[in-house]
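Each residue of the sequence shown is one higher than the one before, counting from 0 in numbering that gives the first Met the number 0.
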Amino acid sequence: MGAPGVRGCGAGGMSEVYRSLLERTRAWFARAAADGWLDPADGARLEALERGTPGELFADVEARPLVVALFGGTGVGKSSLLNRLAGAPVARVGVERPTSREAIVYVHEAVELKRLPQELPVEKVGVRRHGVPRWRNVLWIDAPDIDSTNEENRRLALSWLPHVDLLIYVVSPERYRDDAGWRVLQARGQRHGWMFVLNRWDEGDVRQRDDFARLLREAGFESPLLLCTCCDMQARRLPSLDQF
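#1: When the Cα atoms are used, what is the spatial distance from ASN136 to PRO64?
#2: Let's see if you can read the secondary structure: which residues bound the alpha helix (DSSP H) around GLY180?
#3: On the CB-based measure, 16 or more other CB atoms within 10 Å of its CB, does PRO88 come out buried or exposed?
#4: Can you give me the C-alpha to C-alpha distance between GLU122 and GLU221, rounded to a whole angstrom?
#5: Less than 8 Å between the CB atoms is what I'm expecting for ALA156 and ILE145, so what's the real figure, rounded?
#6: Helix or strand or just coil, what does DSSP make of ALA68?
#7: Answer with buried or exposed for CYS227, where buried requires no fewer than 16 other C-beta atoms within 10 angstroms of its C-beta.
#8: With C-beta atoms as the reference, is HIS129 less than 7 Å away from LEU56?
#9: By DSSP, does ARG206 sit in helix, in strand, or in coil?
#10: Considering only residues of the same chain and omitting the five flanking positions on each side of VAL94, which have a CB-CB separation below 7 Å?
#11: Where DSSP assigns a beta bridge to PHE195, which residues make up the other side?
#12: Starting from LEU138, trace the beta strand (DSSP E) in both directions and tell me its first and last residue.
#13: If I measure Cβ to Cβ from ARG96 and keep anything under 8 Å in the same chain, skipping five residues before and after, which residues do I get?
#14: Take the Cβ of ASN198 as the centre, count every other Cβ of all protein chains shown within 10 Å, and call the residue buried at 16 or more, exposed below.
#15: Could you check what DSSP says for ALA85 in three-state terms: helix, strand or coil?
#16: Short of 8 Å in beta carbon distance, which residues of its chain neighbour ARG174, apart from the five on each side in sequence? Order them along the chain.
#17: Rounded to whole angstroms, how far is the Cβ of GLY203 from the Cβ of LEU165, which I believe are closer than 8 Å?
#18: For LEU112, which residues does DSSP report across the bridge?
#19: Among GLU150, PHE195 and ARG127, which one has its Cα closest to the Cα of ARG213?
#20: So what does ARG127 bridge to, in DSSP terms?
#21: Report the CB separation of LEU265 from ILE140 in whole angstroms; it is logged as a contact under 8 Å.
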């Protein structure tokens, strides 16, 4: 499984903006600490977040699984997709899920996790163990909604980003033009691979898929890997185009 990196002047510009914002944030932290508003430990936590890597999550770095995270906005079906992959309801969906405020980690029982980094509080993470052989080498993360109006939810979602190998951004036919979420993620750097999923495809149209691909190319993704899928296993429309 892989995804093309972000290339081109569009993506490069976004990355440059992120670096500029990071430097300004560091300078602000330094001034605030000098004036007594912040503890030096707060600045250390900022630096630790930026140095984070996927390997930090595991006891055995050499044999660690691929870390794949499902990101997206509210109501696009991230949790339903994880349930489909698992073949079981490991993540609650819809109005049943107060866990839009937490992340769900779906990981094989043979994988030994280290203590989570400080910026990933354990009370905000639900770990679901499994024994499915096909997912032994993949750790799945169902991230909090990136478009949440709750700043704490957004912060938690972004805190996972340095620890991800492959980011799968999920959209729906009715919300694929809401680009604020994936543009924020794109601006934070290019250390992970990208894949896009147009979910609830039984409600969609080929023109929407093509339009979304065009938007991604214009944003700097030269050859975006875009899959169409449906989280409703009973759907009858367009079954041959389900690619997940």
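For every residue, glycine included, the Cβ atom is placed at its ideal position computed from N, Cα and C.
The relevant details are as follows:
#1: For the purposes of this step, residue 136 is identified with residue 137 of the sequence shown, where counting begins at 1. For the purposes of this step, residue 64 is identified with residue 65 of the sequence shown, where counting begins at 1. About 4 Å.
#2: Taking the first residue of the sequence shown as 1, we reach residue 180 at position 181. Its alpha helix (DSSP H) spans residues 179-186.
#3: Taking the first residue of the sequence shown as position 1, residue 88 is located at position 89. With fewer than 16 other Cβ atoms within 10 Å, it is exposed.
#4: By one-based count along the sequence shown, residue 122 stands at place 123. By one-based count along the sequence shown, residue 221 stands at place 222. Each residue's Cα considered, the two are about 39 Å apart.
#5: As a working note, residue 156 is residue 157 in the sequence shown. As a working note, residue 145 is residue 146 in the sequence shown. Right, their Cβ atoms sit about 5 Å apart.
#6: Walking along the sequence shown from the start, residue 68 turns up at place 69. Note: ALA68 maps to strand in three-state DSSP.
#7: Taking the sequence shown and counting its residues from 1, the one referred to as residue 227 is at position 228. By the neighbour-count rule (16 or more Cβ atoms within 10 Å), CYS227 is buried.
#8: Sequence index remark: in the sequence shown, residue 129 carries index 130 (1-based). Sequence index remark: in the sequence shown, residue 56 carries index 57 (1-based). The answer is no: Cβ separation not under 7 Å.
#9: Counting from one through the sequence shown, the residue named residue 206 turns up at place 207. In the structure shown, ARG206 sits in a helix (DSSP, three-state: H, G or I).
#10: Here residue 94 refers to the residue found at position 95 when the sequence shown is read from its first residue. Caution applies to VAL94, whose pLDDT of 47 falls short of 50 and renders its modelled position unreliable; the value that the coordinates give is listed next. Within the same chain, VAL94 has no close Cβ partners at all.
#11: Residue mapping note: residue 195 aligns to position 196 of the sequence shown, counting from 1. Note: PHE195 sits in a beta bridge opposite TYR168 and LEU225.
#12: Numbered from its first residue, the sequence shown carries residue 138 at position 139. Start and end: 137-141.
#13: Within the sequence shown, numbered from 1, the residue matching residue 96 stands at position 97. With a pLDDT of 44 at ARG96, under the threshold of 50, the modelled position of that residue is not reliable, and no figure is offered here.
#14: Residue 198 sits at position 199 when you count from the first residue of the sequence shown. Counting Cβ neighbours within 10 Å, ASN198 comes out buried, since at least 16 surround it.
#15: Here residue 85 corresponds to residue number 86 of the sequence shown, with the count starting at 1. Note: ALA85 maps to helix in three-state DSSP.
#16: Mapped onto the sequence shown, residue 174 falls at position 175. Excluding positions up to five away in sequence, the list reads GLY72, GLY74 and VAL75.
#17: Locating residue 203 in the sequence shown gives position 204, counting from the first residue. Locating residue 165 in the sequence shown gives position 166, counting from the first residue. In fact, because the Cβ distance is near 23 Å, the residues do not count as touching under 8 Å.
#18: Your numbering for residue 112 matches position 113 in the sequence shown. Beta-bridge pairing links LEU112 to PHE57.
#19: In the sequence shown, residue 213 corresponds to position 214, counting from 1. Comparing Cα-Cα distances from ARG213 to each of GLU150, PHE195 and ARG127, the minimum goes to PHE195.
#20: Taking the first residue of the sequence shown as 1, we reach residue 127 at position 128. Its beta-bridge partners are TYR105.
#21: Here the chain covers residues 0 to 243 and nothing more, so residue 265 does not appear.
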